[in-house]
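These protein sequence lines are chains A and B, in that order.
Okay, so the first sequence: first residue is 1 according to our numbering, each after it adds one.
Okay, so the second sequence: first residue is 1 according to our numbering, each after it adds one.
Beta carbons are placed, not taken as given, at the ideal position from N, Cα and C, and that holds for glycine.
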Amino acid sequence: MFGWFKNPPMPINEIVRSYDSTPMPSPKTPVSEVNFLVLDLELTGLDPKKDHIVSAGWVPIRQQEIMLGDSAHYLVKSPVGVGQSAVIHGLHDHQLLKGIELCELVQGLLSQYPGYVLVAHHAQMDLAFLTVAAERCFGRSPKFKAIDTLKIEWQRLHNKGKVLTKDMLRLNSCLARHKLPEAPQHHALADAFACAQLLLSQIRQHSSSMTLGELQSLSR
Amino acid sequence: MEVTEVTKFLAETTPFDELDTAQLQELARQMSVYYVRGGEEVNTDSNRLMIVRTGVFSLYSDQQQLLTKLQSGDFYGYQQLLTDLSDQDTLLCDEDGLVYWLSAEGFQQVRYQYKNIDLFFQRLFGRRLHQYKAQSTNRFTLKIIDVAKARKVSISPDATVQQAAAMMTEHRVSSLLVEQQQKLVGIITDRDLRSRVVAEGLAAESKVSEVMTNKPFTIELHAYLFEAVQLMSQHNIHHLPVLRDEQLFGMITATDVIRAQQDHPVYLIGEIHRQHSDDGILQCASQILHLSQSLSSQQVPAHEASHVLTTVTDALTQSWIKLAIQRLGPPPCVFTWLGFGSQARMEQGLNADQDNALLLEKEPEGAIAQYFEQLAKIVCDGLNECGIVYCPGNIMASNPELRLSLKGWSKQFARWIQTPTPEALLKSSIFFDLRPIYGSKSLFNALQQDILARTTDKAVFLYHLSHNALKGTPPLGFFKTFTLERDGKQKKGLDLKKRGLILITDLARIYSLSKGISAINTRQRLMQLAQQKVMDAKDSQNLLDAFDVLAQLRWDKHQHDIAQGHEASNLLDPAVLSGLQRHQLKDVFEVINQAQSQMKYRFCREL
């Protein structure tokens, strides 16, 4: 399963360089042709310097289809106990012992999905943790950018003249508004999958010729 | 590493429900998920199995005939996977939804591995062939959604009339929806272009907003087709914008309607609206019995038949009101003709009597009082002659106590709610189901909002209402035997209405009043109660099923009585039922029993 790690062994610094050198699709690319990787991380807290990633889930979208066969869910060995955060994500220390190393996770992401546009709900947080993780593992991190479904939803509602409360932008509230199946809270893969469905629905609110650049501007 | 959302759904979907978790995970990995927007055509030659997760899809033959509707748990694409022959079908998405695509390899694999799954799809294919042959849909049950296509041709109010004309030509339509910020603001038809632009000598640069019809009548996608007929004939219009959840869906025209239902006896409704004389209306009313017989012979489900019959009563009422206004001159103030009870719930049977009243904008004094007294007399007498007989309890607009202003009604309801005397409680079962039949909707809305605000979470009132409703029980004895009752003529039977239908209607009303739900129809109330999680989805479904079974039995019984030349009676002799039916009926009563004890627990605990 972790074949990319075993062979061929790539020099550590090569991983970041190779990820960086793969071109991202240009803003003029129609969204229907863009490959996305939707991801979600479960964390021990909110501070990327102090807290840790306990699990990660992702699922790619190609040609507007969520590819379930390539979905992945990993538990990550934590350097310290998960402590109180177990209450939220339901993962306990003994489960995380079976997980993979943090560097394996980041390496898997970078080597498998170069050229994929990252997507997350409240992406800022996930990117901050990924960046710190890459820096720890490889000495430096790619400059990650992502489409944020939360921001898209914020703009969408804002343009409709709705008064927004924080609750309205939670993943499950967004799903309900888009009449999508609810996600069981705080499971990285389930949330990543739900977020992917949300993205497709958000894209479908616009014309079929929408470009990546237009999508990015909605996510600002 | 599977997505539980997907495997959980598959585990509940025939034929995959026989697979275990590991097998389902394996299957899910061969799938992808796609979001389809309403109006989008689904690509049908991708040689994969499509599984509908959410949304509604219409399948049209190459002749553009509607073959079937696909909903959650339905499949498409197996015919091509099984035969390698592609179809010339069109699959159109009516309501946004998610579909799962299973790859051809995945499909073949699971088919070879599990014999039952293979058999399932073979059978489905067999049935599908049949679909092409049996295309005559039941004419009465046609809904707007069956006829209207998810095709929205719209223009901005700021466009010019020339652009509008060009657009009509391009799309070959006779009308356009005028839309601003995704909201319907009007419609413009080719007739408008003729009579309001060309005939008036307006410039081609004139704005659409200057000549369009503002705030047009609209119809819901899930309404029955005959309701569109009624709106069109009542207001002499030929185009109706179709809404789905208040969003614009498309347009339905008189031509669409005629094409869809050439032999529809509910033309009767259109006919009624064209009458301008007593004799004409009476002539139409004499056809009701014939209509009900043909509804019955076409095996229209009971709840739909009652809906049709209620619509006829509505049309007759409206015609009499129009005739009265013709005779008496324009009304001195705004008013609403109210229907109560079964007419309000759209659940009328053949033996329904009148339950109606008047809601007036101003206090009924002097000339106003006089005018509406006369109007009520004409309408109530007229309906009586049409066979919708006077209410034995005098709940009719001809009763001066039931011709009140908004303030008057509001006071009246407040009194019933605050001091629930036995008489008030008795009345609640009739008066709390109300619907505007003719006149001002906003006047009615004001009253309804007022009532709902008063009843929501009003524990004392709900206590008494429930207590009263619980006096009626299903006719099941201790050992689950039927308890029969006699009517005046010494005939034993089960009273399907008093000991069945009414109990469910009461339950639905009490729960709805407790949560401010404005639906009136019992089935709609039960559905909304489940949607808003006031009632458990399963309980609501059970009650719905029970209601349908009882309504069907009663409807069949009435038809049978009439065919035998008897009066329609609600008393059913269980001996005429088959063993299976008897068993089913006991289940129905059991469901009511349980729902009643839940209601007791909810509303009748000590206060």
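{"Query": "Assuming contact is defined by CB atoms lying nearer than 9 Å, are Tyr-224(B) and His-290(B) in contact in what I supplied?", "Result": "no"}
{"Query": "Rounded to a whole number of angstroms, what is the C-alpha to C-alpha distance between Lys-115(B) and Asp-17(B)?", "Result": "13 Å"}
{"Query": "So what's Ala-228(B) in DSSP terms, helix, strand or just coil?", "Result": "helix"}
{"Query": "Does Glu-385(B) get closer than 9 Å to chain A when you measure Cβ to Cβ?", "Result": "no"}
{"Query": "What residues in its chain sit with their C-beta under 6 Å from that of Ala-159(B), if we drop five residues either side in the sequence?", "Result": "Val-208"}
{"Query": "From what residue to what residue does the beta strand (DSSP E) around Gln-247(B) run?", "Result": "247–253"}
{"Query": "How many angstroms separate the CA atom of Met-396(B) from the CA atom of Leu-359(B)?", "Result": "12 Å"}
{"Query": "Looking at Leu-620(B): is its Cβ nearer than 9 Å to the Cβ of Met-31(B)?", "Result": "Residue 620(B) is absent from the model: chain B starts at 1 and stops at 607."}
{"Query": "Using a Cβ-Cβ cut-off of less than 7 Å, list which residues of the segment 5–26 of chain B approach chain A; keep chain order.", "Result": "Glu-5, Val-6"}
{"Query": "Closer than 7 Å between beta carbons: that is the criterion. Which residues of the segment 28–41 of chain B meet it against chain A?", "Result": "Ala-28, Arg-29, Gln-30, Met-31, Ser-32, Val-33, Tyr-34, Tyr-35, Arg-37"}
{"Query": "Where do the ends of the alpha helix (DSSP H) carrying Ser-306(B) lie?", "Result": "302–328"}
{"Query": "What separation, rounded to the nearest whole angstrom, lies between the Cα atoms of Ala-568(B) and Gln-448(B)?", "Result": "33 Å"}
{"Query": "Distance, Cα to Cα, Pro-15(B) vs Lys-69(B)?", "Result": "19 Å"}
{"Query": "Could you say if the segment 388–403 of chain B and the segment 436–448 of chain B meet the contact criterion of at least three C-beta pairs nearer than 8 Å?", "Result": "no"}
{"Query": "Given that Gln-64(A) touches chain B, what residues does it touch there, using C-beta distances under 8 Å?", "Result": "Tyr-34, Tyr-35"}
{"Query": "Listing by chain order, which chain A residues have their CB less than 9 Å from the CB of Trp-101(B)?", "Result": "Glu-65"}
{"Query": "Tell me the residue span of the beta strand (DSSP E) that contains Ala-146(A).", "Result": "146–148"}
{"Query": "Can you pull the chain B neighbours of Phe-193(A), defined as C-beta to C-beta under 7 Å?", "Result": "Val-3, Glu-5"}
{"Query": "Return the residue from the list Leu-67(B), Arg-111(B), Gln-180(B), Gln-113(B) that minimises the CA-CA distance to Leu-92(B).", "Result": "Leu-67(B)"}
{"Query": "Residues bridged to Asn-214(B) by DSSP?", "Result": "Gly-186(B)"}
{"Query": "Are there 16 or more other CB atoms within 10 angstroms of the CB of Asn-214(B), so buried, or fewer, so exposed?", "Result": "exposed"}
{"Query": "Does DSSP put Leu-180(A) in a helix, a strand or coil?", "Result": "coil"}
{"Query": "Closest to Gln-202(A) by CA distance: which of Phe-129(A), Gln-64(A), His-73(A), Leu-130(A) is it?", "Result": "Gln-64(A)"}
{"Query": "Under 9 Å, do Leu-212(A) and Pro-25(A) count as touching if we go by C-beta distance?", "Result": "yes"}
{"Query": "Taking C-beta pairs closer than 9 Å, name the residues in chain A that Asp-96(B) reaches, listed in chain order.", "Result": "His-178, Lys-179, Ser-201, Arg-204"}
{"Query": "What is the rounded straight-line gap between the Cα of Ala-376(B) and the Cα of Ile-281(B)?", "Result": "17 Å"}
{"Query": "Which residues bound the alpha helix (DSSP H) around Met-50(B)?", "Result": "Unbroken run through Met-50(B) is the beta strand (DSSP E), 49–52; no alpha helix (DSSP H)."}
{"Query": "Within a Cβ cutoff of 7 Å, which residues of the same chain sit near Leu-169(A), ignoring the five residues on either side of it in sequence?", "Result": "Leu-150, Glu-153, Trp-154"}
{"Query": "Below 8 Å, can you find three or more Cβ-Cβ pairs linking the segment 138–149 of chain A to the segment 106–122 of chain A?", "Result": "yes"}
{"Query": "From the beta carbon of Arg-172(B), is the nearest beta carbon of chain A less than 9 Å away?", "Result": "no"}
{"Query": "Using C-beta distances below 6 Å, list every residue in its chain close to Ser-514(B), excluding the 5 sequence neighbours before and after it, in chain order.", "Result": "Leu-462"}
{"Query": "Please compile the residues from chain A whose C-beta is within a distance smaller than 8 Å of the C-beta of Thr-44(B).", "Result": "Under the 8 Å cutoff, chain A gives no residues; its nearest Cβ is about 16 Å from Thr-44(B)."}
{"Query": "Contact defined as beta carbons within less than 8 Å: I believe Glu-361(B) pairs with Val-334(B). What is the distance between those atoms, to the nearest angstrom?", "Result": "4 Å"}
{"Query": "Given that Leu-189(A) touches chain B, what residues does it touch there, using C-beta distances under 9 Å?", "Result": "Met-1, Glu-2, Val-3, Thr-4"}
{"Query": "Taking only runs that begin and end inside the segment 396–423 of chain B, name each unbroken beta strand (DSSP E) of 3 or more residues, in chain order.", "Result": "403–405"}
{"Query": "Take the Cβ of Asn-542(B) as the centre, count every other Cβ of all protein chains shown within 10 Å, and call the residue buried at 16 or more, exposed below.", "Result": "buried"}
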